[in-house]
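Colleague: In this note's numbering, the protein residues as written are 1327 to 1712. C-beta atoms are modelled at their ideal positions from N, C-alpha and C, and glycine is treated no differently.
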Amino acid sequence: MKIKNIVPYVLSQDLEQPFYFSQWDYKSRKICLVKIILEDGTYGWGEGYGPADMIETGINFLKPFVIGQNVLENEKIWQMMYLRTLDFGRSGIFNAAISAIDVALWDCKGKVLNQPVSVLLGGVKNEVIHPYATGFYFTDSPTLDEDLRAEAKYYREQGFKAAKMKVGLGIEKDVYYVNLLKEALGEDVKLMIDSNHAYNYREALELCKRIEHLNIGWFEEPVHPEDFKGYAKLRENTNIPIAGGECEYLKFGFQRLFENDSVDIAQPDICATGGLTEAKRIATLAAAHHKDIVPHSWGTWIAISAAIHFVSNLDQNPGRMFRNAPMIELDRTENPLRDDVVTHQIKVENGEIKVPQLPGLGIDVNQNYLEKYAINYRKETAEVWS
Ligand SMILES: [Mg+2]
């Protein structure tokens, strides 16, 4: 089945309540989605994680090489896209563009073969997934403490078994808010922290020592993403599990993390690190180094669905009779692009997600909302819907 067209969409929406983390603030959400249309009209959706306009450019660069290819040969297409961009982008935006196309190809392939992506990946080894809530961003609200407590209460009531907060505001502030949220979430809900590489090794270690007794689920991106030895030293000197990898691309980025023994938990973003095709290879690499995988996800239900199918196929490593379900990240911050544009039937019930049985990723896109939010819609995409 030949690929007839590839159309990237850049969507943007201002937020009602801006928020910030250790690096910058968000006043809007912006994402690049891509639609791949086959010669019989079947279509699939993908998305790229990162600066949306740049990913759109990357997709347009790759487009002429992918059109006319057989969608069932998606791994062959992946290798061609990789070789076409290798000399100019061994990591970064081109990989996100490849990821977006790759995820859309898996969605198309599933629809052509009438199978969910999880089956095409090799089968559902984990039928139940535990999403964790990503939230607790900081705002200028004068009632921030109460707001954070209310958010914690909401996640508890929703049945989440774990939630992740931002740190990186300075050690004293971090300790204050970690204690506040640990108390608000209670013993039943695991709390993870994420500094988005705000600290050097000594600062990260100091924070660990101040909160180690609180049974923290993991410390994500404690130090600079290139500080592989800082990561490894931290692992040696704290009992908090160390996570990272959302800034890594392809198997080669994760190979560096694993060879340096930098993390306990690797966090590839499927929509940036090379798509489902490369994420599956990274999972094999992680298993060979006895590391866990919990994918990073900061996008729409296209990215979330890709993560669900991906972790449903992960090996249990090591295997045992009673084992926790694999986790995915579920961003709970305000994002109308995630909640309005992409339609799906996936439910979070009692903190659990069942793997979708529909062909492909099991998602679709609402055309009305797409037209509303896509800033490049009139320019080049109208013919796609005709
Ligand atoms: Mg993170």
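I'd like the list of long-range same chain contacts for residue 1377, defined as Cβ closer than 6 Å, with 5 residues on each side in sequence excluded.
Modeller: Counted from its first residue, the sequence shown places residue 1377 at position 51. Closer than 6 Å at the Cβ level, and outside the excluded window around residue 1377, lies no residue.
Colleague: Using only the heavy atoms of ligand 1, determine whether one of them is closer than 6 Å to the beta carbon of residue 1574.
Modeller: Here the question's residue 1574 lines up with position 248 in the sequence shown. Outside the cutoff, so no.
Colleague: DSSP state of residue 1358, grouped into three classes?
Modeller: Position 32 of the sequence shown, counting from 1, holds the residue named residue 1358. In this structure, residue 1358 counts as strand in the three-state DSSP scheme.
Colleague: Would you check if the region 1432-1444 and the region 1456-1470 touch, i.e. whether three or more CB-CB distances between them fall below 8 Å?
Modeller: no
Colleague: At a threshold of 6 Å, does residue 1500 count as lining ligand 1 (C-beta to nearest heavy atom)?
Modeller: The residue you call residue 1500 lines up with position 174 of the sequence shown. Within the chosen limit of 6 Å, ligand 1 does not reach the beta carbon of residue 1500 with any heavy atom.
Colleague: Report the residue ranges of all alpha helix (DSSP H) runs contained in full by the region 1383-1423; include only those spanning at least 4 residues, in chain order.
Modeller: Within the region 1383-1423, the runs of alpha helix (DSSP H) at least 4 residues long that lie entirely inside it are, in chain order, 1400-1411.
Colleague: If we ignore side chains and look at the alpha-carbon of each, how far apart do residue 1471 and residue 1479 end up?
Modeller: Residue 1471 sits at position 145 when you count from the first residue of the sequence shown. Residue 1479 sits at position 153 when you count from the first residue of the sequence shown. Taking the straight line joining both Cα atoms gives about 12 Å.
Colleague: Once you ignore the five residues that flank residue 1724 on each side, which residues in its own chain have a CB closer than 6 Å to its CB?
Modeller: The structure shown does not extend to residue 1724, since the chain spans only 1327 to 1712, so no value can be given for it.
Colleague: Tell me which residues share the same chain as residue 1346 and place their Cβ nearer than 6 Å to its Cβ, disregarding the 5 neighbours each side in the sequence.
Modeller: Along the sequence shown, one-based indexing puts residue 1346 at 20. So the qualifying residues of the chain are 1464.
Colleague: Of all the beta strand (DSSP E) runs that stay within the bounds of the region 1558-1636, which reach a length of 3 or more residues?
Modeller: Counting whole runs of 3 or more residues, the region 1558-1636 contains the beta strand (DSSP E) stretches 1568-1570.
Colleague: Compute the distance between the beta-carbons of residue 1423 and residue 1455, then report whether it is under 7 Å.
Modeller: If you number the sequence shown from 1, residue 1423 lands on position 97. If you number the sequence shown from 1, residue 1455 lands on position 129. Against a cut-off of 7 Å, the Cβ pair of residue 1455 and residue 1423 comes out as no contact.
Colleague: For ligand 2, I want to know if residue 1520 counts as a neighbour, meaning its beta carbon is within less than 6 Å of at least one of the ligand's heavy atoms.
Modeller: In the structure shown, ligand 2 is absent; the only ligands present are ligand 1.
Colleague: Take residue 1397 and list the residues in its own chain whose beta-carbon comes closer than 7 Å to its own, dropping the five residues that flank it on each side.
Modeller: Counted from its first residue, the sequence shown places residue 1397 at position 71. For residue 1397, where only same-chain residues beyond five positions count, the Cβ hits under 7 Å are 1327, 1329, 1364, 1431, 1434, 1435 and 1438.
Colleague: Less than 8 Å between the CB atoms is what I'm expecting for residue 1401 and residue 1603, so what's the real figure, rounded?
Modeller: In the sequence shown, residue 1401 corresponds to position 75, counting from 1. In the sequence shown, residue 1603 corresponds to position 277, counting from 1. At roughly 6 Å, the Cβ-Cβ gap stays under 8 Å, so residue 1401 and residue 1603 are in contact.
Colleague: Assign residue 1653 to one of two classes, buried (16 or more other C-beta atoms within 10 Å of its C-beta) or exposed (fewer than that).
Modeller: Taking the sequence shown and counting its residues from 1, the one referred to as residue 1653 is at position 327. So residue 1653 counts as buried.
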